[in-house]
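There are 2 protein chains.
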Amino acid sequence: MKVSRNTAAKTAVLEILTQSKTALSHTEIQKQIGTLCDRVTIYRILDRLLNDDLIHKTINLDGTIKYVKCRHAHPVQIHNHAHFSCQKCHEVTCLESVKPSYLIPHNYKVHDLNFTLSGLCPNCSFDQI
Amino acid sequence: MKVSRNTAAKTAVLEILTQSKTALSHTEIQKQIGTLCDRVTIYRILDRLLNDDLIHKTINLDGTIKYVKCRHAHPVQIHNHAHFSCQKCHEVTCLESVKPSYLIPHNYKVHDLNFTLSGLCPNCSFDQI
DNA sequence: TTTATAAAGCAACAAAGTTGCGATAATTTA
DNA sequence: TAAATTATCGCAACTTTGTTGCTTTATAAA
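So the sequences go chain by chain: W and P.
Numbering-wise (our numbering), the first sequence opens with residue 1 and increments by one.
Numbering-wise (our numbering), the second sequence opens with residue 130 and increments by one.
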């Protein structure tokens with residue numbers, strides 16, 4: 001089995017995600033990374049971090065993929081909390097406390113879920129008043 | 130205001146979505162359309178159908194956008210039912226009966242939501258026994 | 001019919017993601 | 001501490017997906 005290594009680029013990506021209050025896309029991470037490493041490297045780092053369960057993925061309603069640092073202490077099976085995707089500022093935030101409840105036919109086996117709410121975040125809905 | 134027209138291509142796209150039991154991506158629709166119309170035309174047709182609320186959009190967990198014919202009789206504000214995305218056969222199906230319930234902080238204004246469950250569909254989980 | 005214009009086709013472009021391969025550097029081990 | 005191993009990186013090339021502008025075609029109303 002492959003032993004994962006700590007590299008400057010990997011550390012930087014994880015740091016960026018740790019500092020960020022919102023979920024970031026590959027492009028947003030790239031902007032912050034600048035010339036520290038190649039575009040392709042960021043893709044590969046994100047893959048590894050996902051594999052190691054250090055970050056997780058959410059899908060925006062417009063189809064863009066965003067990454068978030070996992071806040072939970074230990075690896076979990078399913079990241080079953082909600083995300084909020086603001087239609088105005090396009091920020092995606094974790095709503096750790098919002099957990100959907102649902103009933104699903106027993107013949108479906110659920111391994112993962114994505115629950116994304118979209119609309120106006122507190123900042124942007126304030127602006128609209 | 131623009132008056133929407135019925136064209137062969139538009140009718141064909143809607144027919145494909147009507148016949149399909151699963152949600153289809155642009156690429157999947159294109160495969161079925163063949164040479165009937167251009168790739169770009171399909172994008173524009175899908176935009177119009179979305180606008181007319183004849184179809185709706187769901188996002189797969191891998192970030193691919195899929196389209197489904199709306200089954201509801203009348204236009205609705207929010208398509209708040211769940212979708213199931215199979216990790217094996219990659220089919221996306223509507224779970225009309227599965228409606229998530231959730232509590233969200235009052236300062237968020239929800240306009241739309243996407244609730245996608247992922248795992249093995251009945252067909253594929255049967256195969257694994 | 002004629003006419004207005006929505007929609008289609010085509011080409012060109014932009015953005016996002018992937019792959020292969022030789023070079024580099026983080027760990028392991030001697 | 002140096003050498004060996006191999007995970008990771010950089011770069012170039014490519015694929016896929018989605019967008020835009022402009023001319024042509026054809027739908028539906030007058």
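Note that the Cβ used here is the ideal one computed from N, Cα and C, for glycine as well.
| Check | Outcome |
| --- | --- |
| Could you tell me how far apart the beta carbons of W:Val110 and P:Gly192 are, in whole angstroms, since I believe they sit closer than 8 Å? | The pair is not a contact, with the Cβ atoms about 19 Å apart (cut-off 8 Å). |
| Counting contacts by CB-CB distance shorter than 8 Å, is P:His240 in contact with chain W? | yes |
| Mind checking which residues open and close the beta strand (DSSP E) that includes W:Ile65? | Ile65 to Lys69 |
| So, under 8 Å CB-CB, P:Ile184 and P:Leu146 are touching, yes? Tell me the CB distance rounded to an integer number of Å. | 6 Å |
| Report yes or no: is there a C-beta of chain W within less than 8 Å of the C-beta of P:Asn243? | yes |
| How would you label W:Ala82, buried or exposed, when you count the other beta carbons within 10 angstroms and need 16 or more for buried? | buried |
| List the DSSP bridge partners of P:Gly163. | According to DSSP, P:Gly163 bridges with nothing at all. |
| Whole angstroms is fine: what's the gap from P:Ile81's alpha carbon to P:Thr156's? | Nothing in the structure corresponds to residue 81 of chain P, since chain P is present only between 130 and 258. |
| By how many angstroms is the C-alpha of W:Tyr102 removed from the C-alpha of P:Ser226? | 10 Å |
| Along chain P, which residues have their Cβ under 9 Å away from the Cβ of W:Gln87? | His240 and Asp241 |
| Report the option in P:His235, P:Val132 and P:Asn236 whose CA atom is closest to the CA atom of P:Asn180. | P:Val132 |
| Within this structure, are the beta carbons of W:Thr22 and W:Val92 separated by less than 8 Å? | yes |
| Select from the segment 141 to 162 of chain P all residues with a C-beta closer than 8 Å to any C-beta belonging to chain W, and list them in chain order. | none |
| Counting C-beta neighbours from all protein chains within 10 Å, is the total for P:Glu144 16 or more, i.e. buried, or is it exposed? | exposed |
| With which residues is W:Cys94 paired in a DSSP beta bridge? | W:His83 |
| Return the CA-CA distance between P:Leu224 and P:Phe213, expressed in angstroms with no decimal places. | 7 Å |
| Can you look up W:Thr27 in the DSSP assignment and give me helix, strand or coil? | helix |
| Here's a check: name, in chain order, each residue in its chain whose Cβ is nearer than 7 Å to the Cβ of W:Leu61, leaving out the five neighbours to either side. | Ser85, Thr116 and Ser118 |
| Just to confirm, is the Cβ distance from W:Lys88 to W:Cys124 under 8 Å? | yes |
| From the DSSP secondary-structure annotation, give me the bridge partner or partners of P:Ile184. | P:Lys198 |
| Any idea if P:Pro234 is buried or exposed, counting beta-carbon neighbours within 10 angstroms, 16 or more meaning buried? | exposed |
| Identify the continuous alpha helix (DSSP H) that holds P:Leu246 and give its terminal residues. | Here P:Leu246 belongs to no alpha helix (DSSP H); instead the beta strand (DSSP E) covers Lys238 to Leu249. |
| P:Lys195 and P:Ser154 - do their beta-carbons sit closer together than 8 Å? | yes |
| Mind checking which residues open and close the alpha helix (DSSP H) that includes W:Val216? | Given a span of 1 to 129 for chain W in the structure shown, any question on residue 216 of chain W remains unanswerable. |
| Does any residue of chain P have a CB that is nearer than 8 Å to the CB of W:Asn107? | yes |
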